[in-house]
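Reviewing the structure listed below.
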Amino acid sequence: MSGAALGLEIVFVFFLALFLLHRYGDFKKQHRLVIIATLLAWYLCFLIVFILPLDVSTTIYNRCKLNVNSSPPESNGSYVTLAPSKQKCFKPWSYIPNGIMPIFWRVVYWTSQFLTWILLPFMQSYARSGGFSITGKIKTALIENAIYYGTYLLIFGAFLIYVAVNPNFNLQWNQLQTIGIAAANTWGLFLLVLLLGYGLVEIPRSHWNGAKRGYLLMKTYFKAAKLMTEKADAEENLEDIMEEVRKVNESIKYNHPLRKCVDTILKKCPTEYQERMGRNMDDYEDFDERQNSYPSEKSLVKLHKQVIYSVQRHRRTQVQWQILLEQAFYLEDVAKNETSASRQFVHTFQSQESENKIFQYFYTPTVEWYWECLLRPWFYRVLAIVLATFSVIVVWSECTFFSTKPVLSLFAVFIQLAEKTYNYIYIEMACFLTIFFLSICVYSTVFRIRVFNYYYLASHHQTDAYSLLFSGMLFCRLTPPLCLNFLGLTHMDATISHKNTQPTAYTSIMGSMRVLSFIADGFYIYYPMLVVILCIATYFSLGTRCLNLLGFQQFMGDSEMTSDLIDEGKELIRREKRKRQRQEEGENRRREWKERYGNREDSTRNRAVHTDQKESSFSETSTNRPLSKYTRSNGRTERDRIELLQDAEPLDFNADSINDDPLESESGR
Numbered sequence: 001m002s003g004a005a006l007g008l009e010i011v012f013v014f015f016l017a018l019f020l021l022h023r024y025g026d027f028k029k030q031h032r033l034v035i036i037a038t039l040l041a042w043y044l045c046f047l048i049v050f051i052l053p054l055d056v057s058t059t060i061y062n063r064c065k066l067n068v069n070s071s072p073p074e075s076n077g078s079y080v081t082l083a084p085s086k087q088k089c090f091k092p093w094s095y096i097p098n099g100i101m102p103i104f105w106r107v108v109y110w111t112s113q114f115l116t117w118i119l120l121p122f123m124q125s126y127a128r129s130g131g132f133s134i135t136g137k138i139k140t141a142l143i144e145n146a147i148y149y150g151t152y153l154l155i156f157g158a159f160l161i162y163v164a165v166n167p168n169f170n171l172q173w174n175q176l177q178t179i180g181i182a183a184a185n186t187w188g189l190f191l192l193v194l195l196l197g198y199g200l201v202e203i204p205r206s207h208w209n210g211a212k213r214g215y216l217l218m219k220t221y222f223k224a225a226k227l228m229t230e231k232a233d234a235e236e237n238l239e240d241i242m243e244e245v246r247k248v249n250e251s252i253k254y255n256h257p258l259r260k261c262v263d264t265i266l267k268k269c270p271t272e273y274q275e276r277m278g279r280n281m282d283d284y285e286d287f288d289e290r291q292n293s294y295p296s297e298k299s300l301v302k303l304h305k306q307v308i309y310s311v312q313r314h315r316r317t318q319v320q321w322q323i324l325l326e327q328a329f330y331l332e333d334v335a336k337n338e339t340s341a342s343r344q345f346v347h348t349f350q351s352q353e354s355e356n357k358i359f360q361y362f363y364t365p366t367v368e369w370y371w372e373c374l375l376r377p378w379f380y381r382v383l384a385i386v387l388a389t390f391s392v393i394v395v396w397s398e399c400t401f402f403s404t405k406p407v408l409s410l411f412a413v414f415i416q417l418a419e420k421t422y423n424y425i426y427i428e429m430a431c432f433l434t435i436f437f438l439s440i441c442v443y444s445t446v447f448r449i450r451v452f453n454y455y456y457l458a459s460h461h462q463t464d465a466y467s468l469l470f471s472g473m474l475f476c477r478l479t480p481p482l483c484l485n486f487l488g489l490t491h492m493d494a495t496i497s498h499k500n501t502q503p504t505a506y507t508s509i510m511g512s513m514r515v516l517s518f519i520a521d522g523f524y525i526y527y528p529m530l531v532v533i534l535c536i537a538t539y540f541s542l543g544t545r546c547l548n549l550l551g552f553q554q555f556m557g558d559s560e561m562t563s564d565l566i567d568e569g570k571e572l573i574r575r576e577k578r579k580r581q582r583q584e585e586g587e588n589r590r591r592e593w594k595e596r597y598g599n600r601e602d603s604t605r606n607r608a609v610h611t612d613q614k615e616s617s618f619s620e621t622s623t624n625r626p627l628s629k630y631t632r633s634n635g636r637t638e639r640d641r642i643e644l645l646q647d648a649e650p651l652d653f654n655a656d657s658i659n660d661d662p663l664e665s666e667s668g669r
């Protein structure tokens, strides 16, 4: 089994990252390089989280072997026996041979750092650029990142000059490498504690509020009102941009040098706007550069960038509005079915997506009623209590992990108790649950936060390329300090435990932080305590209240603005519900009419076709006969047309003479 666990987790994590990226990204419309770079960043970060428990169990086994080798050992199968004390070092089932983990961590870490500091920022500017060629996009990306890269180069160059001039420093390449890693981890730890403090409180609270149907429904109404405002703003913005595109399309004709750029912009526009602009375009008119003023290529690049952004935002708001409507209708159905005596869940609207027949067979309306109305609220409450317990343990351990005598960190206590009995399954499960919970608290905050319209991870394939790349940057910067913090909580880091023991392979790649003692003994020890203040601020919603005071509408139960938005959202949902009901009633009436009179209409249509064929054959046989003065040669269709005109045109009874036949009056005239 040596190495098999590593291979299985590598494959599993890849499909996990691919699944999440498919949920948020769009493989069909987004650039392949954006998809590959984001997938690689997410994959490496998730891989570090899943592989680190195997590194811990392997390190504990190696420490046991070092202790055993101090006395003459006796080999016995898969374990080593120490004769005097009868101590046994069982090899863990997921043991990774020596030499593999250091190479693995080195490749994973430096690849993720290359992505987050060099490649992903460049690709962000490239994806957001409005250039019409690869060279133009690369040029724009280099210009936008010149300040970004120049700042880091300036700081690093100044530090190198200071080290070279100062005789007290005799740093080698390994120490310089450790300083660079420490600087990156310090920046990541600063952001990590902020996100962790929010997630430790918000995740248990969100699950506890998930058991409150009234709370969820009111919050959905609130979201509906806000989303409708954003949706209207996106539609208005798209209309303004399309009006500019229309003017440019009309001014730049087919033989203008910039016409290819205009065609590229038109391809990014929605289909209805493309058809409208195509009908109104006159390509037969040549352009005259002396008479008209044409936009420059720079202005077209800016317009192209605005079109990409506005179309993406409009599409995202439309999809989110439909998803929110389904959620609101479902919560209203749950509220109605809670008082149902039949104990069968009844939906107001049938699901538009085709469900699996096997799922429908087991998930019957009765089972759905018991789950949604009885079991699910209690399940969410129990889950919220478990998550809150984990949060309390994490907060306590973050404040006490620096204490080694006595050991106050609960995670370190659990690992040390398992280490005494060499229960590797327990060690790996405890490590995995700990780092997995920390990762959920941090990563879920990354998925929830929204920086205006520049960074926003929207599900159902509605996330733009800029946000996907930015999330990859955040993951690559947050994961290494997250793992170091986990090793500190479990006292597997020698910097924290102050023991001269074999470090984990991950810690050996990070290097000894003793090179910068003020960071190792100061910032890394005391800054995580700030998580207590952040948890208290999140519990009392201080950030939400501050944003609400600044004019950013937030969901607060004791706010008058929140009540107004809830009422507005309720009216919007009611209006959309009536609209959908009318649509379904119309479809049902058409279906019933087709089922009832469909056969009659088919037989009548067949008889009419047969009669037309007879009349057409009759008209063909009578073509050689002399036609009368008032006879029409177009057959029955023309006569029907004349009869309809006679019925539609009113008679003038005040006229001097009335002529019944319009053809006779026409011939007389």
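Heads up: the sequence shown begins at 1 in the UniProt record's numbering, then just goes up one per residue. Glycine is no exception: its CB is placed at the ideal position from the N, C-alpha and C atoms.
Asked, Found
"As assigned by DSSP and simplified to three states, the class of Tyr162", "helix"
"Same chain only: Cβ atoms within 6 Å of Ser397, ignoring 5 sequence neighbours per side", "Ser409, Leu410, Phe411 and Leu489"
"Runs of alpha helix (DSSP H) wholly within the region 477-551 (minimum 4 residues, chain order)", "494-497, 505-510, 530-539 and 542-549"
"Own chain, CB closer than 8 Å to Arg641, minus 5 neighbours either side, in chain order", "Annotation note: pLDDT 48 at Arg641 (below 50); position unreliable, no value reported."
"Three CB pairs or more closer than 8 Å across the region 414-429 and the region 48-62", "yes"
"Three-state secondary structure assigned by DSSP to Cys64", "helix"
"Selection from Val13, Pro503, Thr151 and Lys231 that minimises the alpha carbon distance to Phe436", "Val13"
"Whole-angstrom distance between Leu196 and Leu44, CA atom to CA atom", "20 Å"
"Whether Gly569 touches Phe159 by CB criterion (8 Å)", "no"
"Proximity of Trp369 and Arg343 at Cβ, strictly below 8 Å", "yes"
"Those runs of the alpha helix (DSSP H) which lie wholly inside the region 213-291 and span at least 4 residues", "213-251, 259-268 and 271-279"
"Whole-angstrom distance between Gly586 and Lys302, CA atom to CA atom", "46 Å"
"Cβ-based neighbour list, Tyr148, same chain, cut-off 7 Å, excluding 5 preceding and 5 following", "Pro121"
"Leu534 to Leu189 span [Cα, whole Å]", "14 Å"
"Thr404 in three-state terms, based on DSSP", "strand"
"CB-CB length for Ala232 against Ile573, believed under 8 Å", "Not confirmed; about 16 Å, so no contact."
"Outcome for Asp567 when other beta-carbon atoms lying within 10 angstroms are tallied against a minimum of 16", "exposed"
"Nearest candidate by alpha-carbon position, reference Ile252, set Glu297, Phe114 and Phe475", "Glu297"
"Own chain partners of Val413 with C-beta closer than 7 Å, once the 5 adjacent residues on each side are dropped", "Val407"
"Cβ-based neighbour list, Tyr109, same chain, cut-off 7 Å, excluding 5 preceding and 5 following", "Pro480 and Ile509"
"Nearest neighbour of Leu375, chosen from Ala458, Lys219 and Lys212 [CA to CA]", "Lys212"
"Coil, strand or helix - Arg343 by DSSP", "coil"
"Proximity below 8 Å, CB of Val532 to CB of Val395", "yes"
"Spatial distance of His184 from Thr38 (CA atoms)", "Reading the sequence as shown, one finds Ala at residue 184 and not His. Their Cα atoms are separated by approximately 20 Å."
"DSSP three-state assignment for Tyr109, whether helix, strand or coil", "helix"
"Selection from Leu266, Val193 and Tyr361 that minimises the alpha carbon distance to Ile525", "Val193"
"Three-state secondary structure (DSSP) of Tyr294", "coil"
"Cβ neighbour criterion (16 or more within 10 Å) applied to Asp263", "exposed"
"Every unbroken alpha helix (DSSP H) inside the region 410-464 [4 residues or more]", "410-421 and 424-448"
"Endpoints, the alpha helix (DSSP H) within which Leu120 is located", "Leu120 to Arg128"
"Ile519 and Ala182 closer than 8 Å at C-beta", "yes"
"C-beta contact flag for Thr404 and His491 at 8 Å", "yes"
"Span of the alpha helix (DSSP H) around residue 670", "The structure shown has nothing for residue 670, since the chain only spans 1 to 669."
"Helix, strand or coil at Phe46 according to DSSP, with G and I counted as helix", "helix"
"Cβ-Cβ separation, Cys476 to Gln113 (assumed contact under 8 Å), whole Å", "7 Å"
"Asp26, DSSP secondary structure in three states", "coil"
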